[in-house]
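In our numbering, the protein residues as written are 15 to 239.
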């Protein structure tokens with residue numbers, strides 16, 4: 015397991031504070047826990063700090079420790095243990111996490127890494143010249159059947175090709191990342207076979223919710239009820 019440390023002092027801001035909107039969110043989150051158990055909110059607060067600044071700074075850890083009445087070292091231990099917390103500056107427009115676990119590797123994640131190296135930087139965790147993009151290789155992102163895949167912020171982009179990832183990176187770089195449809199990039203729904211459905215092919219594929227009773231009626235007609 016690799017050692018995770020905070021970024022060098024030259025990158026660390028002097029202080030940190032939540033925005034007014036996030037301060038309200040923080041208090042509402044703490045209030046969800048029983049009296050005397052507010053320290054249980056440490057992970058949500060760390061994640062909120064990361065969403066606000068893009069990464070978890072030393073000042074943010076100190077601030078959260080103060081809010082939750084925790085020792086600084088306890089919050090630091092949590093921030094350095096969980097790999098979803100970025101401990102150094104990442105791309106301001108997109109930080110691309112490429113899954114490199116076996117299913118994705120067998121389906122071409124190596125080509126996705128080459129795209130990141132070409133368009134962002136040869137090495138992971140180093141931003142491009144403008145500081146807008148960065149990347150890293152991570153362990154399983156949980157959509158193995160739709161390999162290969164990447165995660166950008168909280169969204170996953172699956173069934174990728176090298177060409178499609180280049181298009182996605184370009185979209186984020188130009189500020190149009192929100193226009194990219196998340197999930198499968200090949201057009202298939204959920205985790206259906208790449209070659210198309212082989213069973214349950216009579217179920218309507220409409221996006222709106224179906225009335226369960228209508229499906230039951232359809233089944234009854236088939237069996238002559």
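Even glycine gets a Cβ: it sits at the ideal position worked out from N, Cα and C.
It should be emphasised that the depicted structure is a prediction, and the values quoted were computed from it without experimental measurement.
Excluding five sequence neighbours on each side, which residues of the same chain lie with their C-beta closer than 6 Å to the C-beta of residue 129? Cβ neighbours of residue 129 beyond the five flanking positions: 176, 179 and 180.
I need the straight-line Cα distance from residue 149 to residue 49, nearest angstrom please. C-alpha separation (whole angstroms): 40 Å.
Pull up the distance between the alpha-carbon of residue 214 and that of residue 208, whole angstroms please. When rounded, the distance between both Cα atoms is 15 Å.
CB residue 56 to CB residue 100, shorter than 8 Å? It is not a contact, given that the beta carbons lie outside the stated cut-off.
Taking the alpha helix (DSSP H) that residue 93 belongs to, which residues open and close that run? Here the alpha helix (DSSP H) through residue 93 covers 86 to 95.
Just checking, does the region 103 to 116 make contact with the region 130 to 150 on the three C-beta pairs under 8 Å criterion? Yes, since at least three Cβ pairs between the region 103 to 116 and the region 130 to 150 fall closer than 8 Å, the two stretches touch.
7 Å CB neighbourhood of residue 86 in its chain, flanking five on each side removed: Cβ within range, chain order: 75, 76 and 79.
Considering only C-alpha positions, which residue in the set 82, 38 and 39 is nearest to residue 52? Comparing Cα positions, the closest option is 82.
By DSSP, does residue 74 sit in helix, in strand, or in coil? Reduced to three states, the DSSP call for residue 74 is helix.
Neighbour-count burial assignment, residue 64, 16 or more Cβ in a 10 Å radius: With 16 or more other Cβ atoms inside 10 Å of its own Cβ, residue 64 counts as buried.
Residue 177 by DSSP, collapsed to three states: which one? Note: residue 177 maps to helix in three-state DSSP.
What is the DSSP secondary structure of residue 184, reduced to helix, strand or coil? Looking at residue 184 - three-state DSSP - the assignment turns out to be helix.
Tell me whether residue 43 sits in a helix, a strand or coil according to DSSP, three-state version. When DSSP states are grouped into helix, strand and coil, residue 43 belongs to the helix group.
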